[in-house]
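For the sequence shown, this note's numbering gives the first residue as 8, with consecutive numbering after it.
Notes follow the structure.
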Amino acid sequence: IQRLSKFVALEVNALTVFIPLHYILQFFYGCFYVSIKFIIYFYKMRFFFCVLAVFGLAKATMGTVAPDAATFFDSTIHGNLTKITWVHAVNNFKKLNETLADESIMMVEADIVLGTVGNFSEIIPIMAHPPNNNSDLSLADFLTAMVKHKKKGVKLDFKTIEAFNASLELLTKHRENMTFPVWLNADILRGPVDADTEPVDAKQFLSLASKTLPESTLSIGWTTKYGIVNMTFSGNYSEAQIDEMIKTVSNTSQPITYPVRAGLAAGGITVWSKLLNNTADKNATLTIWSAEGDKVDVDQLKKLIQEVGYDRVYVDVPEKLQKQLAGSATAASISTFVLLSSIFLGNVLLASLF
């Protein structure tokens with residue numbers, strides 16, 4: 008009996024198993040000992056863990072580098088990219104300050120060329136549109152202001168590969184702090200109508216963008232020859248030009264938006280579906296833009312936007328065209344309402360008669 012009292016009996020599958028009592032006591036003592044050790048360890052390391060927690064919180068607060076515009080502005084646009092608002096040619100300090108003070112503006116477009124600032128002779132990346140090569144605003148100052156503000160996205164339009172190359176150091180310097188949408192824009196292929204403007208070197212641009220700011224959105228399109236300046240008011244993007252773009256970006260894994268000129272794009276819904284469906288980035292989008300005075304078929308453009316989808320089309324056009332598109336949308340809504348109301352009233356009338 009004394010020997011059996013040192014054992015604990017357990018029933019396992021109808022069999023009685025005897026476990027020495029001192030084994031059980033040793034097990035619980037071991038668990039207690041390890042628990043005390045962990046408590047002492049965590050107490051001693053409390054400062055270290057607090058530092059880690061603060062660091063993790065700070066990193067989370069910093070946000071994602073160059074997030075997608077749709078995600079960044081989602082609380083305002085709710086998936087409808089056409090609701091994103093734009094400002095153009097922010098190429099001087101006055102316009103930059105006005106833009107940053109305007110809470111209604113979401114995306115800021117600015118042009119980068121090589122030139123000089125003020126009376127200085129050093130050639131650096133500046134904010135200016137050709138043929139201008141002098142400004143009071145450098146790319147360095149522009150990026151510093153945008154990083155400090157953090158609430159707006161930027162579309163950096165590089166006019167030459169040389170300007171892009173000279174800007175890489177600045178982009179690298181600010182990369183970790185650019186927690187807002189960053190688009191790197193360049194016309195990398197010749198487009199309609201027989202455009203003669205020299206495009207930015209596609210191979211260099213895509214390669215350097217991927218190495219320098221892989222999180223950024225590539226805004227890559229075609230040079231165009233259209234509008235009042237060129238006295239050209241008809242044309243379209245050809246199948247061959249679409250195929251060339253598909254081939255050019257076949258090895259590109261970055262997010263892509265294709266800037267297309269409204270007056271030339273409106274008549275070619277099928278080619279845009281082909282382009283988007285054959286892009287490695289399955290969330291690729293279109294950015295419809297237009298110059299003042301461009302001839303645009305508003306109804307066709309509206310149809311294009313509807314066909315491609317409001318979640319895949321940015322609309323960056325002059326105010327007059329923007330209002331026409333909005334008016335078209337309103338008219339369409341009213342027409343639909345009138346049609347449905349007529350059907351409903353007709354059914355009520357028939358029901359009352361029969």
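Glycine included, each C-beta is placed from N, C-alpha and C at the ideal position.
| Asked | Found |
| --- | --- |
| Buried versus exposed call for P221 [16 or more other C-beta atoms within 10 Å across all chains shown] | exposed |
| Option nearest I112 by Cα separation, candidates K159, L88 and A73 | K159 |
| Among P132, G334 and F212, the one whose alpha carbon lies nearest that of S145 | P132 |
| For A117, three-class secondary structure by DSSP | strand |
| Separation of V207 from K162, as counted between CA atoms | 16 Å |
| Contact between the segment 266-279 and the segment 227-234 (3+ Cβ pairs under 8 Å) | yes |
| T89 beta carbon less than 8 Å from that of V315 | no |
| Cβ pair count under 8 Å reaching 3, the segment 87-106 against the segment 196-213 | no |
| Simplified DSSP assignment, three categories, for G63 | Residue placement at G63 cannot be trusted, given a pLDDT of 47 that sits under 50; what the coordinates show is reported in the next sentence. Note: G63 maps to helix in three-state DSSP. |
| C-beta atoms of L196 and E251 nearer than 8 Å | yes |
| Rounded distance between the beta-carbons of F149 and L103, thought under 8 Å | 7 Å |
| DSSP beta-bridge partners of R197 | T230 |
| Neighbour-count burial assignment, P188, 16 or more Cβ in a 10 Å radius | buried |
| C-alpha distance - A117 paired with L191, whole-angstrom precision | 11 Å |
| Inter-residue Cα distance where the pair is D75 and T224 | 7 Å |
| Cβ neighbour criterion (16 or more within 10 Å) applied to Y233 | buried |
| Segment limits, alpha helix (DSSP H) that includes T78 | A76 to F79 |
| Minimum C-alpha distance to V236 - residue among K302, K281 and A173 | K302 |
| Alpha-carbon spacing of I295 relative to W93, whole angstroms | 12 Å |
| Residue(s) in a DSSP beta bridge with L191 | L163 and L225 |
| Start and end residues, beta strand (DSSP E) containing V322 | V320 to D323 |
| Per-residue burial, Q33 [other beta carbons within 10 Å of its own, 16 or more giving buried] | exposed |
| Burial state of K309 (16 or more Cβ within 10 Å) | buried |
| Collapsed DSSP secondary structure at V207 in the structure displayed | coil |
| Counted within 10 angstroms of its Cβ, other Cβ atoms place F212 as buried (16 or more) or exposed | buried |
| Which of helix, strand or coil DSSP assigns to V236 | coil |
| For I249 and T286, believed in contact at Cβ under 8 Å, the rounded distance | In fact, because the Cβ distance is near 11 Å, the residues do not count as touching under 8 Å. |
| Run of the beta strand (DSSP E) containing L293, from where it starts to where it stops | T292 to W296 |
| Inside the segment 251-275 only - alpha helix (DSSP H) runs reaching at least 4 residues | 269-272 |
| Straight-line Cα distance separating V120 from N99 | 13 Å |
| Proximity below 8 Å, CB of N141 to CB of A135 | yes |
| Coil, strand or helix - G122 by DSSP | strand |
| Delimiting residues of the beta strand (DSSP E) encompassing M134 | I131 to M134 |
| DSSP three-state assignment for V41, whether helix, strand or coil | helix |
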